[in-house]
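Every letter in the sequence shown is one number past the one before it in this note's numbering, and letter 489, counting from 1, is 574. Working notes, beginning with the structure itself.
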Amino acid sequence: MALRHKRLYLTTAIDYVNSLPHIGTAYEKIGADVIARFARLQGSKVRFQMGNDEPSVNVRKAAEAQGLDPLAYCDGMAGAFTNVWQRLNISYDGFIRTTNAAHRRAVTACFRSIAKGKTPRRAPNIYKKPYAGWYCDACEAFYQEKEMGEGRSCPTHRLPTQWVEEENYFFALSHYQEWLASHLRRHPEFILPEVRRNEITKLIASGLEDVSISRMQRGWGIPGRFASWWKQAEVVHIIGKDITRFHCVIWPAMLKAAGLSLPRTIFSHGFVYQRGEKMSKTLGNVVDPLQLVERFGADPVRYFLLRENSFGRDADFTWERFIERYNSDLANGIGNLVNRTVGMIHRYCQGTVRPARAAPKGLPTFAGLRKGRARILKTMSSAFAIDRRHDDLAFHEALSAIWALMTDADQYINDTAPWERQKRGESEAVAFVLYQVVEAIRILAVGLSPFCPETAERIWAQMGLDAAAPIAAMQWRHLVKFAMLKKPVMVRDPRPLFPRIEQESKISPQAPSHKARGEERGTMESELIDIADFAKLDLRIATVTAAEQIEGTDKLLKLQVDLGTEQRQLVAGIAKHYPPEELIGRQIVVVANLKPAKLRGVESQGMLLAASQGEQLSIVSPQREVPNGARVK
Numbered sequence: 086m087a088l089r090h091k092r093l094y095l096t097t098a099i100d101y102v103n104s105l106p107h108i109g110t111a112y113e114k115i116g117a118d119v120i121a122r123f124a125r126l127q128g129s130k131v132r133f134q135m136g137n138d139e140p141s142v143n144v145r146k147a148a149e150a151q152g153l154d155p156l157a158y159c160d161g162m163a164g165a166f167t168n169v170w171q172r173l174n175i176s177y178d179g180f181i182r183t184t185n186a187a188h189r190r191a192v193t194a195c196f197r198s199i200a201k202g203k204t205p206r207r208a209p210n211i212y213k214k215p216y217a218g219w220y221c222d223a224c225e226a227f228y229q230e231k232e233m234g235e236g237r238s239c240p241t242h243r244l245p246t247q248w249v250e251e252e253n254y255f256f257a258l259s260h261y262q263e264w265l266a267s268h269l270r271r272h273p274e275f276i277l278p279e280v281r282r283n284e285i286t287k288l289i290a291s292g293l294e295d296v297s298i299s300r301m302q303r304g305w306g307i308p309g310r311f312a313s314w315w316k317q318a319e320v321v322h323i324i325g326k327d328i329t330r331f332h333c334v335i336w337p338a339m340l341k342a343a344g345l346s347l348p349r350t351i352f353s354h355g356f357v358y359q360r361g362e363k364m365s366k367t368l369g370n371v372v373d374p375l376q377l378v379e380r381f382g383a384d385p386v387r388y389f390l391l392r393e394n395s396f397g398r399d400a401d402f403t404w405e406r407f408i409e410r411y412n413s414d415l416a417n418g419i420g421n422l423v424n425r426t427v428g429m430i431h432r433y434c435q436g437t438v439r440p441a442r443a444a445p446k447g448l449p450t451f452a453g454l455r456k457g458r459a460r461i462l463k464t465m466s467s468a469f470a471i472d473r474r475h476d477d478l479a480f481h482e483a484l485s486a487i488w489a490l491m492t493d494a495d496q497y498i499n500d501t502a503p504w505e506r507q508k509r510g511e512s513e514a515v516a517f518v519l520y521q522v523v524e525a526i527r528i529l530a531v532g533l534s535p536f537c538p539e540t541a542e543r544i545w546a547q548m549g550l551d552a553a554a555p556i557a558a559m560q561w562r563h564l565v566k567f568a569m570l571k572k573p574v575m576v577r578d579p580r581p582l583f584p585r586i587e588q589e590s591k592i593s594p595q596a597p598s599h600k601a602r603g604e605e606r607g608t609m610e611s612e613l614i615d616i617a618d619f620a621k622l623d624l625r626i627a628t629v630t631a632a633e634q635i636e637g638t639d640k641l642l643k644l645q646v647d648l649g650t651e652q653r654q655l656v657a658g659i660a661k662h663y664p665p666e667e668l669i670g671r672q673i674v675v676v677a678n679l680k681p682a683k684l685r686g687v688e689s690q691g692m693l694l695a696a697s698q699g700e701q702l703s704i705v706s707p708q709r710e711v712p713n714g715a716r717v718k
C-alpha cells in the first residue's frame, strides 16, 4: 500500500469465540495478511495485530453449554483460532486476548483517561443512569427503532431483539457528533471504501445518541508495545462492514476522549456470501475454512477469495465457482506453466538454467516479459494504494496482472516451440527461451508472494532459485530489477503444484453404504480374469520421441514412440490433459499387441495406458527409467 511512513501498524477486528471462524472471518484476516506481506515486500517494518474478544454474553453461553468455566473455554478456543490462522498462513506479529492481564490493564487505563476528561461541550465523558432499550444478544448491543428491521429484528442477524432495562455507565457520544463530521470532511481516507464513508456520514448527520458501555447483569467481562507503534507508525484498521457503527463512530470518539491519535484509515471490507446469502454463525450457513484448507491447501482458498472482487465489495462463495477457478487459474494456469518449464529444462538443458544476455539471431523476443513486469508493478502499486484517489483494495486487479504475464509466458513457449528447435539442434536458442521463461516465473513468484506465499515458495524451490537467494529475502526492488540470475541454477524434479479437482470433490466424500460396497464387489467378481487372460496382453515400456496435436481435433495427439527394437506411431485422446511438449522424453506403458486402428484418418499402432476418474487423467509411467521395450508383467 502507498505508505507515508516506513512503519505500518495493521490491526483487524477481534473475534468472538462463541464458535470457530468461518470463511467470512477468514476473508478479513487473509486480506489483512496480504496488506502486511505487501508492506514488508516494500521494505516497511510491520506490526500486524489480531486477536480474540472473550468477555461477552455469547461466549459465556457457549462455555455454559459445554459445562466449562468461561476462561477455560476461552483458553481452548484461543488454540483453535490460532490453528486456523496458522493453517491459512496468516503472518500476524501479535495475537491479543481480551482476558490477558496486559489487555485488562490497557482497558482500565484507557477507561480512566476517558472518565477524567471532558467532552467538547465540557461535560463528563462518562456518566451513570438507568437505561431501557431493544437489545440484540448476538451483537451485544442496543439498537434504536430506526436501525431495526421488521418486527424489531436485529439489522445484522435478523433475530428478534429483546427489551432490556438496567442501570449502566454511558459514554457521551452525542457530544462528539460535530467533531466526527468535521474529521470525516477533512480526512475522507479515514473511512474507506467511499460507500462505507457515506453510510457513516449519514448516520452521524441523523444524530448520535450516547451509548451504554457497561453491562450490569449480562455476563462476565473486564471489571506494551502499543505506544511505540500507535504513535510512531501509520495505523490501518481492517473490519467488516457490519461493525462500522462501533469502529467508525464509537471507537474514534473514545480515542479522542482518551487523548489518543486516530488511525489513518479504517477499511471496511465486504461480506462473503454463499449463493447470495450472508454467512453467519448465528444463521448457521457457514463454510469451514479448515475443511477447505485440508482438502485443497491454504493458497487456493486465499486466491479464490482475493481474485473474485475488490476487497471492499461483497464476494460470493460457491463450490462450482471455487473449483472452476482452481482448475482454470491454478491447475491449468500457473501450475501448468511451472511444470512444463521445469520438464523442458530437464529434457533439453540437463536440468540447468543458465543466464543468457542476448537472443540468438532469428529468435523471437519475449516482448511480453518487460511489458508484463511493468504492468504488475503499476497494477500492484495502484491496487494497494488506499487514499483519496483509490478508495478500494483491488487485490483482484493485481492478481489479474500477474496472470496476464503467466499467459504471455505460455504463449512465448508456444510461439518459439523449444521442442521443435531442439530437434533441429538449436540448443542455444532453446536455452535462451527457457531462461526468459524462468525470469518471467521469478517475477510471478515474487508478485504472488503476498497473496499465495506457500505457492510462491514452492515455485521458487522448483525453479532452483533458492540456490541464488531465498524468496523471503525478495523485496519490491527485485521486481523492478531485470535479469537477476547471475549464475546457473539446477531446477528440481517437476511436481504438480495444483492437481486438478473434479466437481464431485466439492462435498466431503461419504463412504458408500454396505449395500453399495457389496454390489461393487459382486460386479468386480463377475469381471475377474485368470492369469492366462492377462498373459495375452503385451505391455511394453516406450519413450515418446515426438508429439503433436492432430489437426481438426482438440482431444487427439499423435505420438512417435521408441519401443527399443522399433519405432511406432500412437494416437491418444489426452490433448486436454497434456501439452505435446510435456510428453517428449517421457517413458510410458504401451499395449504393443493391439491391432492397428485409424482415428481421424491417422493410424495408431498400439495404445498407451492411463488412469482416469471423472475428468482427471494421468498417464501410467515407470517410477525409474528402464530400457525401452522392457515388458510389464
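For every residue, glycine included, the Cβ atom is placed at its ideal position computed from N, Cα and C.
Quick check: what's the CA-CA separation for residue i versus residue j?
i           : j           : result
residue 471 : residue 199 : 31 Å
residue 771 : residue 167 : Any answer about residue 771 is impossible in this case: the structure gives the chain only from 86 up to 718.
residue 519 : residue 430 : 7 Å
residue 221 : residue 491 : 49 Å
residue 186 : residue 386 : 35 Å
residue 597 : residue 404 : Any reading at residue 597 must be qualified, since the residue scores a pLDDT of 31, below 50, and its modelled position is unreliable; the value itself is stated next. Rounded to the nearest angstrom, the two C-alpha atoms are 22 Å apart.
residue 555 : residue 128 : 16 Å
residue 338 : residue 243 : 28 Å
residue 96  : residue 111 : 14 Å
residue 705 : residue 139 : 54 Å
residue 347 : residue 266 : 14 Å
residue 715 : residue 695 : 18 Å
residue 179 : residue 478 : 23 Å
residue 582 : residue 652 : 33 Å
residue 260 : residue 233 : 24 Å
residue 384 : residue 438 : 27 Å
residue 224 : residue 463 : 41 Å
residue 397 : residue 409 : 23 Å
residue 528 : residue 93  : 25 Å
residue 332 : residue 103 : 21 Å
Let me confirm a value: residue i is counted as buried when at least 16 other C-beta atoms fall within 10 Å, else exposed. Which label applies?
i           : result
residue 675 : buried
residue 619 : exposed
residue 637 : exposed
residue 534 : buried
residue 557 : exposed
residue 287 : exposed
residue 710 : exposed
residue 718 : exposed
residue 607 : Since pLDDT at residue 607 reaches only 37, below the 50 mark, its modelled position is unreliable, and no value is offered.
residue 723 : Since the first residue of the chain shown is 86 and the last is 718, residue 723 is not available in this structure.
Going by C-alpha distance, which of the options is nearest residue i?
i           : options            : result
residue 561 : 437, 323, 170, 459 : 459
residue 255 : 276, 289, 694, 335 : 335
residue 394 : 438, 347, 485      : 485
residue 575 : 374, 559, 552      : 552
residue 318 : 249, 133, 426      : 133
residue 507 : 586, 583, 630      : 630
residue 326 : 201, 240, 409, 184 : 240
residue 181 : 577, 695, 100, 684 : 100
residue 175 : 322, 115, 227      : 115
residue 538 : 125, 97, 105       : 125
residue 488 : 337, 371, 578, 419 : 419
residue 633 : 235, 92, 669       : 669
residue 504 : 665, 130, 372      : 665
residue 137 : 159, 151, 130      : 159
residue 245 : 392, 251, 228      : 228
Any idea which residues DSSP pairs residue i with across the strands?
i           : result
residue 136 : 181
residue 703 : 696
residue 674 : 626
residue 213 : 254
residue 647 : 628, 652
residue 553 : In DSSP, residue 553 forms no bridge with anything.
residue 248 : 219
residue 351 : 276, 322
residue 226 : 221
Just to confirm, does residue i get its C-beta within under 7 Å of one of the non-hydrogen atoms of the ligand ZN?
i           : result
residue 522 : This structure lacks the ligand ZN, and indeed carries no ligand of any kind.
Q: Could you tell me whether the stretch 133-150 touches the stretch 192-200, where touching means 3 or more Cβ pairs closer than 8 Å?
A: By the Cβ rule, the stretch 133-150 does not count as touching the stretch 192-200, because fewer than three pairs are nearer than 8 Å.
Q. Is the stretch 653-663 close to the stretch 684-702, with three or more CB pairs under 8 Å?
A. Output reads yes: the stretch 684-702 touches the stretch 653-663.
Q) Between the stretch 151-163 and the stretch 115-130, are three or more C-beta pairs nearer than 8 Å? A) Too few Cβ pairs lie closer than 8 Å, so no.
Q: Would you check if the stretch 202-211 and the stretch 276-286 touch, i.e. whether three or more CB-CB distances between them fall below 8 Å?
A: Contact fails: fewer than three Cβ-Cβ distances are below 8 Å.
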